[in-house]
Each structure stands twice: as structure tokens, then as C-alpha cells.
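Worksheet: one structure, shown below.
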Amino acid sequence: MSRCGKTHLLEAVVQGEVPGDDLRAHAAHCPRCRHELNWLETEQGLFRQRAAREEVSALWKGVAVRTGVAPRRSINRALVGLAAALFVVLGVGRGFVEGPSSSSGRDASVADSVEAFMTENAITQERANLCSRSAEQGIGFHCGYVPASLIASR
Amino acid sequence: MLHLLRRPEPITPETPDEALVRRAQRNDADAFRALFERHVTSVRRFLRDLIRDPDAADDATQETFTRAHVQLPRLGDRDRFRPWVFGIARNVAFEARRVRQHQSLELDSDDDVPAAVLPAPDPERTLLDRELEGQLTNALGALSEHRRAALLLRLDHGLSYDDIAEAMGWTLPMVKNEIHRARLALRASLLPHLGGPNP
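Here's what the structure looks like:
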């Protein structure tokens, strides 16, 4: 079989690295190139058929364990963290954080503030009544707090 | 802060390796998983052909991608992931073989290369049945590990000669010479088992 200067180019054609219509046409009439092309295509066919039988689905688990890599979950963790931070900072969840026993009217939520205001008024009214009765009986120790209205009435 | 809120681009089969590597270097686990799934089949087959033990090849595959994950931040040419990971696989395989069998890793002499031009088979009539696959495995196994690795990177995994030189740590002329000799030896081994010569 005589040598041909184009034979060595065929491998790149079969690998798809260069277009090869001209070379394939040449190989149809060149015994040396046709011989090489047949071998190259046979090799490619064998390895492609072999590659199609590969099964590797179980290997990721081992890599994930070794590297500590875990794919992202369906909900973005950063978004969840940011939402949680906003929840706390904006005070929406303050009742959960401080609990229902908060006594500061300024810091309480709106609902807590209303309730504290009404409770304080009820206590004040009760104290006023108690002091009023105590004063009438000559007993003053109940009147740590004496309403201005009672003083004015004296 | 805002990049945490931005949803990453979806990964598709068209997403280039370079983009996946860039994301994986920023600890994007999905990107690394995509790189794994894209290349694991080839890498595993390459390792199985080198080590010739399926269980050891599986372990070597996992070790290859574990090392790739560790070394990925140092990969500068992000579009060179494929030859780079094959280079890691080749090192892992040779280490595994060295441990297992303490075999010499010397290159083949030229004595095993057939000098005569072999008749060519007909590619249309070549079907890889179980017997021929066994012959192919044996023919590959008859090559030295280095020569086999270079041949497989070219024939089976389609790496360019430049990429193979990088993966093997060889010069380009050495790659061409080794693959040429490996190819001739492979053909000589396979010829008796292939379909009749092409007319």
C-alpha cells in the first residue's frame, strides 16, 4: 500500500475535530486512507458501544460524604434566614420573644399596650376606692398612691 | 448580600464546564454535582480500564472527584476541567496500582508493536458482543498502564493530543508516539476477532 500524505489527517476527522467531507471523498479512492479510515471507524464504534453500557449512579453518595457537598434544597436557605431576621427586627414576632408577661407599655405591642392601659386604670380606680374608704375610717396605710381627685375632695 | 437573594442560573446540559467550575469554586454544590454527573461515566470507565478491578475503580472514581473538589479552587483554566480531572484520575489509578501490585510503571519497549500493515475490518459489520468486549478488554490490558491511559484518553474519551499531554504530563511528540504504538498493538490483538476484512 503506497503512502499518502493525507492519512494522518483522518483521525481528527473521525474524532469530529475538523470537517472531513473532502478527506472522506479522497479516502474512497485511496487504499491507504480507506484502510486507515476503516480502522478508525471500527475503533470508534467499539468504544462507543462499550461506553453506552456504563452504570455509575451509586457513586455520588460516596463523593458527597467525602467532600461534605450537599446539593441545594428546594427553599433557598439564605432567603429563609433573611426572612427570619426581618421577622425579629421588625417586631412582628416580639410577643414570641418576650412573652406575654411584659409590663412595659412603651415596648409592648399594640394589643399588649391596650390591655396594660386598661389594667392599670382598673388598679388605680380600685386603689382610689380603697384609699377613700380607709381615709373615712382613719386608716392611711393603703394610700401609697392617692389620686389627686381624693386630695382635692379633702 | 444581594447575590444571596438572586436565584442562580438553572443548570442545563448546555451549561459549559467553565460556568459550572466558576460556580463550584464559589461552593455551589449543584454545580459540582453537575460536573460530577457530566464526567463521572468517562472517568469511571477510564479508571476501570486502568485498574482492571470494578470495585477498586469505583473507589478510585470517588477519590478522583474528592480530590477534584479539594483542588478545584486552584484550577485557573476553567474550561480545562475535563483534561484536568482525567489527570487526577490517572494519578489516582497509578497510585492504586502501585499499592495493590507494586508493578513497574516503565513504558513499553517498542518490541510489542507490529510492524506490518494489518488488514482493516469493516466498521459496518463490527458489533461489540460479549466475546469481542472481552477481547477488547484483554487487548487493552496487554498494554502498559501509561500507554493504555494515553490510548484510552484519545479513543474512548476523545481528548485532544494537547489535553492528553496535559493529563499525562508528557510532551506532545511523546503523546503521539505512545498513542500510535498503542493503536497498532490494539489492532493486532483485535484483528482475529473482528469481522472479515473490508473488501
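Line by line, the protein sequences give chains A and B.
For the first sequence, the numbering used here puts the final residue at 154, and the numbers step up evenly by one.
For the second sequence, the numbering used here puts the final residue at 1199, and the numbers step up evenly by one.
Every residue, glycine too, gets a C-beta built ideally from N, C-alpha and C.
### Query
In whole angstroms, what separates the C-alpha of ARG32(A) from that of GLN1062(B)?
Translated into the one-based positions of the first sequence, residue 32(A) becomes position 32. Translated into the one-based positions of the second sequence, residue 1062(B) becomes position 62. For ARG32(A) and GLN1062(B), the distance between alpha carbons rounds to 44 angstroms.
### Query
Taking a cut of 7 angstroms between CB atoms, which residues from the region 22-52 of chain A lie near chain B?
HIS35, ASN38, TRP39, GLU41, THR42, GLU43, GLY45, LEU46, PHE47, GLN49, ARG50 and ALA51
### Query
Helix or strand or just coil, what does DSSP make of PRO31(A)?
Start at 1 with the first residue of the first sequence, and residue 31(A) comes out as number 31. Looking at PRO31(A) - three-state DSSP - the assignment turns out to be helix.
### Message
Just list the residues that DSSP pairs PRO1010(B) with in beta bridges.
### Response
Counting from one through the second sequence, the residue named residue 1010(B) turns up at place 10. Bridge partners of PRO1010(B): none, in fact.
### Three-state class that DSSP yields for LEU1190(B) in the structure shown
Here residue 1190(B) refers to the residue found at position 190 when the second sequence is read from its first residue. LEU1190(B): helix per DSSP, three-state reduction.
### Query
What residues in the region 1116-1143 of chain B bring their beta carbon closer than 7 angstroms to a beta carbon of chain A?
VAL1117, ALA1120, PRO1121, ASP1122, PRO1123, THR1126, LEU1128, GLU1133 and LEU1136
### Query
Is the shortest distance between the beta-carbon of LEU90(A) and the beta-carbons of chain B less than 8 angstroms?
In the first sequence, the residue the question calls residue 90(A) occupies position 90. So, not an interface residue.
### Query
Beta-carbon of THR1066(B) versus every beta-carbon of chain A: anything under 8 angstroms?
Looking up residue 1066(B) in the second sequence gives position 66. Yes, contact with chain A.
### Message
Can you tell me whether ASN38(A) is buried or exposed? The criterion is at least 16 other CB atoms within 10 Å of its CB, across all chains shown.
### Response
Here residue 38(A) refers to the residue found at position 38 of the first sequence. Buried, since its Cβ has 16 or more Cβ neighbours within 10 Å.
### Task
Would you mind working out which of ARG1038(B), ALA1150(B), ASP1030(B) and PHE1046(B) sits nearest THR1171(B), comparing C-alpha positions?
By one-based count along the second sequence, residue 1171(B) stands at place 171. THR1171(B) has its Cα closest to that of ALA1150(B), out of ARG1038(B), ALA1150(B), ASP1030(B) and PHE1046(B).
### Query
Based on the DSSP output, what are the partners of PRO1073(B) in its beta bridges?
What you label residue 1073(B) is simply residue 73 of the second sequence in a count that begins at 1. Partner(s): none; PRO1073(B) has no beta bridge.
### Query
If you drop the 5 nearest sequence neighbours on each side, which residues of the same chain put their C-beta closer than 8 angstroms to that of GLU1017(B)?
Along the second sequence, one-based indexing puts residue 1017(B) at 17. The amino acid occupying residue 1017(B) in the given sequence is Asp; Glu does not appear at that position. Excluding residues within five positions, the ones whose Cβ falls inside 8 angstroms are LEU1035, ARG1038, ARG1078, ASP1079, PHE1081 and ARG1082.
### Task
Can you pull the chain A residues whose beta carbon is under 9 angstroms from the beta carbon of ASP1058(B), in chain order?
Indexing the second sequence from 1 puts residue 1058(B) at position 58. Going along chain A in sequence order, the residues near ASP1058(B) (Cβ under 9 angstroms) are VAL56, ALA58, LEU59 and GLY62.
### Message
Check whether chain B comes within 8 angstroms of ARG3(A), counting only Cβ atoms and requiring the distance to be less than that.
### Response
Residue mapping note: residue 3(A) aligns to position 3 of the first sequence, counting from 1. No, no contact with chain B.
### Query
Hey, which unbroken runs of the alpha helix (DSSP H) at 4 residues or more fall wholly within the region 34-67 of chain A?
59-67
### Query
Which two residues bound the contiguous alpha helix (DSSP H) that contains GLN1025(B)?
Residue 1025(B) sits at position 25 when you count from the first residue of the second sequence. Start and end: 1017-1025.
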